[in-house]
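Peer 1: The structure under discussion is supplied below as structure tokens; questions concerning it will follow.
There are 2 protein chains.
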Amino acid sequence: MKVIKFGGSSLADAKQIKKAAEIICDDRERRIVVVSAPGKRYSQDRKVTDLLIELACDCLEGRDCVRALEGVISRYRQIAEELGIRSSIADEIEGDIKHRISSAHLPEKKFLDLIKAAGEDNCARLIAAYLCQKGENAEYVNPKDAGLMLCEEEGHVKILPSSYEALSKLKERKSLMVFPGFFGYSPEGEVITFPRGGSDITGSILAAAVNAALYENFTDVDSVFAASPSVIRNPAPIRTMSYEEMRELSGAGFGVLHEEAVAPAWRKGIPINIRNTNNPKEPGTMIVSGKCGRNHPGIVGIAAEKGFVTMHVTKSLMKYETGFERNLLGILDEEGLTYDYLTIGIDNVSFTARASETNAEKRERIVKRIYTELKADKIEIENNRAVIMLIGQDIARYAEAAGKACDALTAEKISVKMVNQNTAEGSILFEVEEKEADLAVKVLYRSFFQKKERICLNRRNSNSRDFRAFCTKTPRGTVEG
Amino acid sequence: MKVIKFGGSSLADAKQIKKAAEIICDDRERRIVVVSAPGKRYSQDRKVTDLLIELACDCLEGRDCVRALEGVISRYRQIAEELGIRSSIADEIEGDIKHRISSAHLPEKKFLDLIKAAGEDNCARLIAAYLCQKGENAEYVNPKDAGLMLCEEEGHVKILPSSYEALSKLKERKSLMVFPGFFGYSPEGEVITFPRGGSDITGSILAAAVNAALYENFTDVDSVFAASPSVIRNPAPIRTMSYEEMRELSGAGFGVLHEEAVAPAWRKGIPINIRNTNNPKEPGTMIVSGKCGRNHPGIVGIAAEKGFVTMHVTKSLMKYETGFERNLLGILDEEGLTYDYLTIGIDNVSFTARASETNAEKRERIVKRIYTELKADKIEIENNRAVIMLIGQDIARYAEAAGKACDALTAEKISVKMVNQNTAEGSILFEVEEKEADLAVKVLYRSFFQKKERICLNRRNSNSRDFRAFCTKTPRGTVEG
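Pasting the structure below:
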């Protein structure tokens, strides 16, 4: 059996849902369907999850929520009407959401989770009803009934290991199951949502639990690309990549599948197939176990992201001071600064964090604490940094890829702030100035993917703020409802 | 005025001391002479400091110490005789050392410090007497009288800031001062020795205190070299380098001046000149402030050292766990493992330590703790690693040097385990397998220093265990007495 997951854009309206249904029905092995909440129908549109967050805020702040509620209900009602499903479904959805609103006395976080989860939950009901109407033996599966139990530890949501045993029973059902993504339940029966890439995680967990032959993840791009289409025109598609490569990509926060969505399938060795709902003939990208047989230097893609800040802390003879680095990490933990990369050298600790992790006040407080508590000699802060990653399972075992990349960057006089390669990881990291990031991606792409052709290199800064790599999926830190 | 320091090999016997005296008298600006204890006269010889340590151990363990005492005294007596100094000096030295032995009731560490310091202290008395005999207005200066006050914090010896004020008064003396290196006094009047590069540190402190025009450090090599003569035949001498470059070198533990010996002079901007007692016509190596006007990519040298171990700790979703890295550093601190380099990436922490820092038992304990306390997924240990460093003040601002180095290593199919470049440091680090380290140095040397010539590249493993870079000075961790 296969687990198939559809993202929000694949379920944004009746037209999209029809495409999804056709895909589902096209293969009898597709037995578990995981759904997101309806996404945007056009670029200025709003996702149902965003409408639900607005609704929850109105409730929490005691404002009149009729308009916000109507905004949500009308999306479902319109879909139901256009799909020609029995009209009672929209009333049921309205009743469900109103019932949730009545729990506004709950702690804020729990109430928000309860309301946000309504997006996926009701979408699953709707899709199940539509599939039934098409003559399928479809059923909506409630995550609580199925046993998807979650817990929250230090602000991070985890699946309770016993869930896998419970969820594996889904194999025995004969129906076509429609399962809402993005949330599960605490042992006390309260809704808990995943923080990032929500529905992708649900799909991966279910695929692992039922030991699926394949986990299909339908989105709105033909494949994962070797570089961001916002920087490289018509970048090469990636046909096959390893879990490790996907992990490097997603772990770096560069969109595509979140690392938490890769892990469950990876552990069971279940292949993941990224596909396009709008172009189902395309084979998409396969994420599989082991080597992918790429030629040296075996780069699978180039990821890039702007908006980083690097801090360099220097203290002479630092290494003779027991606990200096540990105390520094303690300050960062206490101040709630999460860094992405950190290196400790001779008398220097450098770390790179997303600018969104800090603000001027927080940064000032951290700098002050490092000076006063750790007696650092010097702290340098460099803003407007970009991180470029070359990804490929074996590239960090030799210096070939790094050499080629450095040469290409040097030829264009790009100032490279940091280079980091480690055999334990399947990537090489370069830090450059934000204004040179697009150019860096271009020269690297040309060097590794376009030997013979030349692409236009323009040192002019790209105005695009939307600088995500690979495919236009949810970036890290955004809630996918 | 200039501060001039002589190492142990420059004062090993009468012949060497005569050379040193000639150098001292050759320039009237040389007003403060810092001396080490007499070193080896030939390769199988023993340093006076080693003889003193043996003597101290005999005393502490209650053994008869007549033979060990005689070993020390005879070295001084022979030097005095050959220099033709008044014979009472040897008796005075004998009296001094016997007096020190009578303090065997002191705590072990204090007693050892007291005995070890006898090497420099008496050498200074001897040199002062010899210079007087040559007609100089020379005087032995006692570090306690001069005000060189030290303290020990967490096992690390530091100078008390008030010392500089006291030592600055030496400027007012009209004599030629002979100052013993390697030790100072606690405020309670007890001898404290520097742990590493002892006399070099004393010289640097004195140069800073009297605001010397130059700090001359006389040793037994013509200059610092661009690579180790044990790997590269006739490596290029380094004429000028910056403090930062020297710091990178010494901070990495690659012999030459210890970083603590660079810091005091650096802070006051006093140039350091490394010279050869046996070839004083050679200009040696100047270590100065600021840029050294090297051409791109501006490599000053290649340092290499074998005997490292790298551990890679992997834990999926590590970054969502507050304190994981901090707790890992806590385990390393508790187990007393000092690492040289550490990087934290997506879900991986890798650190490189000297193999001498660990043994199988310690390593096993650390691995066990990381698995049980931190629930790591995987720990990989890689033994027999070598660290190669390209050093140059500005090389880490661009990728040119890194690219050239990676290309050169790739051409010889050298497996590169780690690459680390950070603008905050003036070096680029490569980790390779120990058996490929010599080859790596050769290809890098050829690439950066020998464009036109070819050197013999031999993949065969060098048998030399003595793989220190640049010049044959005291390696890190060794006591220079």
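If you're matching them up, the sequences are chains A and B in order.
Going by the UniProt record's numbering, the first residue of the first sequence is number 1, and it counts up by one from there.
Going by the UniProt record's numbering, the first residue of the second sequence is number 1, and it counts up by one from there.
Beta carbons are placed, not taken as given, at the ideal position from N, Cα and C, and that holds for glycine.
(1) Considering only the beta carbon of each residue, do ILE326/A and ASP333/B sit closer than 9 angstroms?
(2) Consider the Cβ of CYS132/B: report whether some Cβ of chain A lies at a distance smaller than 9 angstroms.
(3) Starting from the beta carbon of GLU305/A, find every residue of chain E whose beta carbon is closer than 8 angstroms, and list them in chain order.
(4) Below 9 angstroms on C-beta distance, what does VAL441/A contact in chain B?
(5) When the Cβ atoms of the segment 432-452 of chain A are set against those of the segment 400-416 of chain A, are three or more pairs found closer than 8 angstroms?
(6) For VAL309/A, tell me which candidate among THR338/A, ILE232/A, SER43/A, PRO271/A has the shortest Cα-Cα distance.
(7) For chain B, find out if any of its Cβ atoms is closer than 9 angstroms to the Cβ of SER316/A; answer yes or no.
(8) Counting only Cβ-Cβ distances shorter than 7 angstroms, please list the residues of the UniProt domain "Aspartokinase ACT" (388-448) of chain B near chain A, keeping chain order.
(9) Give the single residue among GLU245/B, ASN142/B, ALA263/B, GLU54/B whose Cα lies nearest to the Cα of MET318/A.
(10) Is it true that the segment 85-92 of chain A meets the segment 121-136 of chain A, where meeting means three or more beta-carbon pairs spaced less than 8 angstroms apart?
(11) Under 9 angstroms between beta-carbons, which chain B residues line up against ALA263/A? List them in chain order, please.
(12) Please list, in chain order, all residues of the same chain as GLN138/A whose beta carbon is under 7 angstroms from its beta carbon, the five residues on each side excluded.
(13) So, is the C-beta of THR322/B closer than 9 angstroms to a C-beta in chain A?
(14) Reducing DSSP to helix, strand and coil, say where CYS65/B ends up.
(15) Measure the C-alpha to C-alpha separation of residue 520/B and GLU82/B and round it to an integer number of angstroms.
(16) If contacts are defined as beta-carbon pairs under 8 angstroms, then VAL34/B and GLY181/B qualify, I think. What distance do you get, rounded to the angstrom?
(17) Could you have a look at GLU282/B and say whether DSSP puts it in helix, strand or coil?
(18) Cα separation between ASP438/B and GLY392/B?
(19) For GLU373/B, which residues in chain A fall below 8 angstroms Cβ to Cβ?
(20) Taking any Cβ of chain B, which residues in the segment 343-368 of chain A have a Cβ under 7 angstroms from it, in chain order?
(21) Identify, in the order they occur along the chain, each residue of the same chain with its Cβ nearer than 6 angstroms to the Cβ of SER10/A, setting aside the five sequence neighbours on each side.
(22) May I ask which residues mark the beginning and end of the beta strand (DSSP E) holding GLY301/A?
(23) Taking C-alpha atoms, which residue in GLU373/B, CYS25/B, GLU54/B lies nearest to GLY135/B?
(24) For THR219/B, write down the residues that DSSP places opposite it in a beta bridge.
(25) Any beta-carbon of chain B closer than 9 angstroms to the one on CYS105/A?
(26) Using the Cα positions of ASP466/A and GLU153/B, report the straight-line distance between them to the nearest angstrom.
(27) Could one say the Cβ of LEU52/A lies closer than 9 angstroms to chain B's Cβ atoms, at least one of them?
(28) Roughly how many angstroms separate the alpha carbons of THR423/A and ASN359/A, rounded to a whole number?
(29) Give a yes or no on whether the C-beta atoms belonging to THR193/B and ALA146/B are separated by under 9 angstroms.
(30) Hey, quick one: how far does the beta strand (DSSP E) through THR352/B stretch, first residue to last?
(31) So which residues of chain A does ARG326/B contact, with C-beta pairs closer than 8 angstroms?
(32) Going along chain B in order, which residues have a C-beta closer than 7 angstroms to the C-beta of GLU259/A?
(33) Under 8 angstroms by Cβ, that's how I've got ILE331/B and ILE370/B pegged, so tell me the actual separation to the nearest angstrom.
(34) Select from the segment 141-165 of chain B all residues with a C-beta closer than 7 angstroms to any C-beta belonging to chain A, and list them in chain order.
(35) Do you know offhand how far THR478/A's Cα is from ALA399/A's?
(36) By the three-class DSSP mapping on this structure, what secondary structure does ASN420/B have?
Peer 2: From the atom records:
(1) Working through the first sequence from its first residue, we reach residue 326/A at position 326. Working through the second sequence from its first residue, we reach residue 333/B at position 333. The sequence given here has Arg at residue 326/A, not Ile. With respect to ASP333/B, ARG326/A sits close: the two C-beta atoms are nearer than 9 angstroms.
(2) Taking the second sequence and counting its residues from 1, the one referred to as residue 132/B is at position 132. Not flagged as an interface residue toward chain A: CYS132/B, since no C-beta distance is shorter than 9 angstroms.
(3) Among the protein chains in the structure shown, which are A and B, there is no chain E.
(4) Numbered from 1 along the first sequence, position 441 holds the residue referred to as residue 441/A. What VAL441/A touches in chain B: nothing, since even the nearest Cβ is about 15 angstroms away.
(5) The segment 432-452 of chain A, when compared against the segment 400-416 of chain A, does touch it at the 8 angstroms Cβ threshold.
(6) For the purposes of this step, residue 309/A is taken as residue 309 along the first sequence, with counting starting at 1. The candidate whose alpha carbon is nearest that of VAL309/A is THR338/A.
(7) What you label residue 316/A is simply residue 316 of the first sequence in a count that begins at 1. Nearest CB-CB separation between SER316/A and chain B: below the 9 angstroms threshold.
(8) Identification of residues in the UniProt domain "Aspartokinase ACT" (388-448) of chain B having a C-beta nearer than 7 angstroms to some C-beta of chain A yields ARG397, TYR398, ALA399, GLU400, ALA402, GLY403, CYS406, ASP407, LEU409, THR410, SER415, VAL416, LYS417, MET418, VAL419, ASN420, GLN421, ASN422, THR423, ALA424, GLU425, given in sequence order.
(9) Here residue 318/A refers to the residue found at position 318 when the first sequence is read from its first residue. Out of GLU245/B, ASN142/B, ALA263/B, GLU54/B, the CA that lies nearest to the CA of MET318/A is found in ALA263/B.
(10) Judged by Cβ distances under 8 angstroms, the segment 85-92 of chain A makes contact with the segment 121-136 of chain A, as three or more pairs qualify.
(11) Taking the first sequence and counting its residues from 1, one reaches residue 263/A at position 263. One finds SER316, LEU317 in chain B with Cβ atoms closer than 9 angstroms to the Cβ of ALA263/A, taken in chain order.
(12) The sequence position of residue 138/A within the first sequence is 138, counting from 1. Just to set this straight, residue 138/A is Ala in the shown sequence, not Gln. Taking C-beta separations shorter than 7 angstroms and ignoring five residues to either side along the sequence, the partners of ALA138/A in its chain run ALA128, LEU131, CYS132, SER175, LEU176, VAL178, following chain order.
(13) Position 322 of the second sequence, counted from the start, is the residue given in the question as residue 322/B. Taking Cβ atoms only, chain A reaches closer than 9 angstroms to THR322/B, which makes this a yes.
(14) As a first step, residue 65/B must be located in the second sequence, where it is residue number 65. CYS65/B: coil per DSSP, three-state reduction.
(15) Look at the range of chain B in this structure, 1 to 481, and you will see that residue 520/B is not part of it.
(16) The residue labelled residue 34/B in the question sits at position 34 within the second sequence. The residue labelled residue 181/B in the question sits at position 181 within the second sequence. Contact flag correct, Cβ pair sits at about 5 angstroms.
(17) Along the second sequence, read from residue 1 onward, the residue named residue 282/B stands at position 282. GLU282/B falls in the coil class under three-state DSSP.
(18) By 1-based counting over the second sequence, the position of residue 438/B is 438. By 1-based counting over the second sequence, the position of residue 392/B is 392. Those two C-alpha atoms are separated by around 20 angstroms.
(19) In the second sequence, counting from the first residue as 1, residue 373/B sits at position 373. Within chain A, no residue comes near GLU373/B; the closest Cβ sits about 15 angstroms away, beyond 8 angstroms.
(20) For the segment 343-368 of chain A, the set of positions with a beta-carbon nearer than 7 angstroms to some beta-carbon of chain B reads THR343, ILE344, GLY345, ILE346, ASP347, ASN348, SER350 in chain order.
(21) Position 10 of the first sequence holds residue 10/A. Taken in chain order, the residues that qualify are GLN16, ALA20, PHE218, THR277.
(22) Here residue 301/A refers to the residue found at position 301 of the first sequence. Its beta strand (DSSP E) spans residues 301-314.
(23) To locate residue 135/B, count along the second sequence from 1; it is residue 135. When each option's Cα is compared against that of GLY135/B, the closest is CYS25/B.
(24) Here residue 219/B refers to the residue found at position 219 of the second sequence. Under DSSP, THR219/B shares a beta bridge with ASN276/B.
(25) By 1-based counting over the first sequence, the position of residue 105/A is 105. What sits at residue 105/A in the sequence shown is His, not Cys. No, because no Cβ of chain B sits closer than 9 angstroms to the Cβ of HIS105/A.
(26) Along the first sequence, read from residue 1 onward, the residue named residue 466/A stands at position 466. Along the second sequence, read from residue 1 onward, the residue named residue 153/B stands at position 153. Note that ASP466/A scores 32 on pLDDT, short of 50, meaning its location in the model is unreliable and no value can be drawn from it.
(27) Taking the first residue of the first sequence as position 1, residue 52/A is located at position 52. It does not; no Cβ of chain B falls within 9 angstroms.
(28) Taking the first residue of the first sequence as 1, we reach residue 423/A at position 423. Taking the first residue of the first sequence as 1, we reach residue 359/A at position 359. Between THR423/A and ASN359/A, the C-alpha separation is close to 34 angstroms.
(29) One-based indexing of the second sequence puts residue 193/B at position 193. One-based indexing of the second sequence puts residue 146/B at position 146. No; because the gap between Cβ atoms is not below 9 angstroms, this pair is not in contact.
(30) Counting from 1 along the second sequence, the entry for residue 352/B is found at position 352. Looking at the DSSP string, the run of the beta strand (DSSP E) that includes THR352/B is 348-354.
(31) Counted from its first residue, the second sequence places residue 326/B at position 326. Listed by position along chain A, the residues whose Cβ is nearer than 8 angstroms to that of ARG326/B are ARG326, LEU329, GLY330, ASP333.
(32) Counted from its first residue, the first sequence places residue 259/A at position 259. Correct list: LEU317.
(33) Within the second sequence, the letter at position 331 stands for residue 331/B. Within the second sequence, the letter at position 370 stands for residue 370/B. Between ILE370/B and ILE331/B the Cβ distance is about 6 angstroms, and since that is below 8 angstroms, they are a contact.
(34) Correct list: GLU154, HIS156.
(35) If you number the first sequence from 1, residue 478/A lands on position 478. If you number the first sequence from 1, residue 399/A lands on position 399. Here the model assigns THR478/A a pLDDT of 34, short of 50, so the residue's position is not dependable and the matter cannot be decided.
(36) Here the question's residue 420/B lines up with position 420 in the second sequence. Note: ASN420/B maps to strand in three-state DSSP.
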